[in-house]
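Presented below is the structure to which this report refers.
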Amino acid sequence: MELPRTRSPSLQSDYTTPLRRHPALAAFAGAASLLGAMAIVNGRVAKKAERDNPPRGQFLEIDGVRLHYVERGNGRPLVLLHGNGSMIQDFESSGLIDLAANRFRVIVFDRPGFGHSSRPRNVIWTPEAQADLFRKALDRLSVQRAIVLGHSWGAAVALALATRHPSLVEALVLASGYYFPTVRADAAASSMPGMGDAISHTISPILSRLLWPSMLRKMFGPRPVPDKFVGFSKELALRPSQMRASAAEATLMIPAAFESSKSYDQLKMPTIIIAGDEDRLIDINEQSVRLHGEIAHSKLHRIAGAGHMIQQSATAQLMAAIDEAAAATDIGGNAPHRFASA
Numbered sequence: 151m152e153l154p155r156t157r158s159p160s161l162q163s164d165y166t167t168p169l170r171r172h173p174a175l176a177a178f179a180g181a182a183s184l185l186g187a188m189a190i191v192n193g194r195v196a197k198k199a200e201r202d203n204p205p206r207g208q209f210l211e212i213d214g215v216r217l218h219y220v221e222r223g224n225g226r227p228l229v230l231l232h233g234n235g236s237m238i239q240d241f242e243s244s245g246l247i248d249l250a251a252n253r254f255r256v257i258v259f260d261r262p263g264f265g266h267s268s269r270p271r272n273v274i275w276t277p278e279a280q281a282d283l284f285r286k287a288l289d290r291l292s293v294q295r296a297i298v299l300g301h302s303w304g305a306a307v308a309l310a311l312a313t314r315h316p317s318l319v320e321a322l323v324l325a326s327g328y329y330f331p332t333v334r335a336d337a338a339a340s341s342m343p344g345m346g347d348a349i350s351h352t353i354s355p356i357l358s359r360l361l362w363p364s365m366l367r368k369m370f371g372p373r374p375v376p377d378k379f380v381g382f383s384k385e386l387a388l389r390p391s392q393m394r395a396s397a398a399e400a401t402l403m404i405p406a407a408f409e410s411s412k413s414y415d416q417l418k419m420p421t422i423i424i425a426g427d428e429d430r431l432i433d434i435n436e437q438s439v440r441l442h443g444e445i446a447h448s449k450l451h452r453i454a455g456a457g458h459m460i461q462q463s464a465t466a467q468l469m470a471a472i473d474e475a476a477a478a479t480d481i482g483g484n485a486p487h488r489f490a491s492a
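This is the structure in structure tokens:
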């Protein structure tokens, strides 16, 4: 009769004895196992989010980037660039794309690493690097001139596009942007060397789910989160790959603003600056108001009682700013009108 096999006591002892003798080693092994389990769960949740939110647009392959974009409407081209941690779904759920498509050829990109666009690691995705990418993308889409709107971090990309490729940018709409370097705790917290992958695949998605309600209150406050924001997928935004891209952009935030701020006085196209006057993420006096002073022909709109997410909570005012930018120059690209502050 064959006896049941059992694990050799000596072999089991080889594993357990060091752990008993070294509690720190046991704690490390336990933590590693827990982090491994978190990574597996987060990976599965991310794949489900991608299945539940398939791409709604088309793709361009440019310089190793698989760039996802949505195009709607006809008329003068209008390019929309979302902020850090966001994606096309933000503009879609806000209703801005539908509004603008009544009068413009609207082109909305998932910036590298967000939504369904890839983010190759052989490039540091500064605003300038992204601007060059979008110039090539727009050339592929036969766009020679466009009105460009950027929200938050997307405003930095819009400014880089206007500075580096001024013949492409007919007019600018800059919403809730960060334009000048300041001390920011969120940027410092995102700059831990070598920890991007480990944190974004384990702790960050779980912690961010717990903090999601408070994050939304800060982004939208003092106004409530609108019901239409339900069209924005939290799970797609909290995938490890997107959280890593978001952390990278937070790290780049201050140096990018420092570099970009050297060239604002070179901008010649009509520029509309718009921001909520109760933005809880960005001090608009340090940023939007100061930028208005730097760009002599710009116009500034402060949205009373609005926070950072004006594309969601002040959609009509943002659409009006787009129309204003379009009216400030004709299709031939004549010199911009002189603006006064609003």
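Position 234, counted from 1, in the sequence shown is what my numbering calls 384; the numbers after and before it change by one each time, with no gaps. Backbone N, C-alpha and C fix where the C-beta goes; we use that ideal spot for every residue, glycine too. Computed from a prediction, not measured in an experiment: that's the story for all the values here.
Residue i burial status per 10 Å Cβ neighbour count (16 or more: buried)
| i | result |
| --- | --- |
| isoleucine 274 | exposed |
| alanine 478 | buried |
| alanine 476 | buried |
| alanine 466 | exposed |
| glutamate 320 | buried |
| arginine 452 | buried |
| glutamate 242 | buried |
| isoleucine 472 | buried |
| phenylalanine 382 | buried |
| alanine 296 | buried |
| glutamate 474 | buried |
| lysine 412 | exposed |
| glycine 455 | exposed |
| lysine 418 | exposed |
| serine 354 | buried |
| valine 380 | exposed |
| proline 374 | exposed |
Endpoints, beta strand (DSSP E) assigned at residue i
| i | result |
| --- | --- |
| glycine 426 | 421 to 426 |
| arginine 222 | 215 to 222 |
| lysine 449 | 448 to 453 |
| arginine 261 | Looking at the DSSP string, arginine 261 is not in any beta strand (DSSP E), and its letter there is neither H nor E. |
| valine 273 | Per DSSP, valine 273 belongs to no beta strand (DSSP E) and is neither H nor E. |
Extent of the continuous alpha helix (DSSP H) to which residue i belongs
| i | result |
| --- | --- |
| glycine 443 | 440 to 444 |
| valine 307 | 303 to 314 |
| phenylalanine 209 | Not the alpha helix (DSSP H): phenylalanine 209 falls in the beta strand (DSSP E), residues 208 to 212. |
Whole-Å CB distance - residue i paired with residue j, under 8 Å assumed
| i | j | result |
| --- | --- | --- |
| serine 326 | serine 292 | So it is not a contact: roughly 30 Å between Cβ atoms. |
| serine 244 | lysine 378 | 7 Å |
| serine 396 | asparagine 234 | 5 Å |
| leucine 217 | alanine 312 | That pair is no contact at about 20 Å. |
| alanine 407 | tyrosine 329 | 6 Å |
| histidine 232 | arginine 269 | No, histidine 232 and arginine 269 are not in contact; Cβ-Cβ is about 14 Å, not under 8 Å. |
| methionine 469 | leucine 249 | 5 Å |
Cβ of residue i within 9 Å of any chain B Cβ
| i | result |
| --- | --- |
| arginine 206 | Among the chains of the structure shown, chain B does not appear; only one protein chain is present. |
Beta-ladder partner(s) of residue i, from DSSP
| i | result |
| --- | --- |
| glycine 235 | DSSP output for glycine 235 lists no bridge partner at all. |
| alanine 325 | His301 and Ile424 |
Query raised in the report: Per the contact definition of three or more C-beta pairs closer than 8 Å, is the region 358 to 366 in contact with the region 426 to 445?
Result: no
Query raised in the report: Just checking, does the region 395 to 406 make contact with the region 367 to 378 on the three C-beta pairs under 8 Å criterion?
Result: no
Query raised in the report: Would you call the region 218 to 236 and the region 196 to 204 touching, i.e. three or more CB-CB distances under 8 Å?
Result: no
Query raised in the report: Hey, is the region 274 to 287 in contact with the region 299 to 311, meaning 3+ C-beta pairs nearer than 8 Å?
Result: yes
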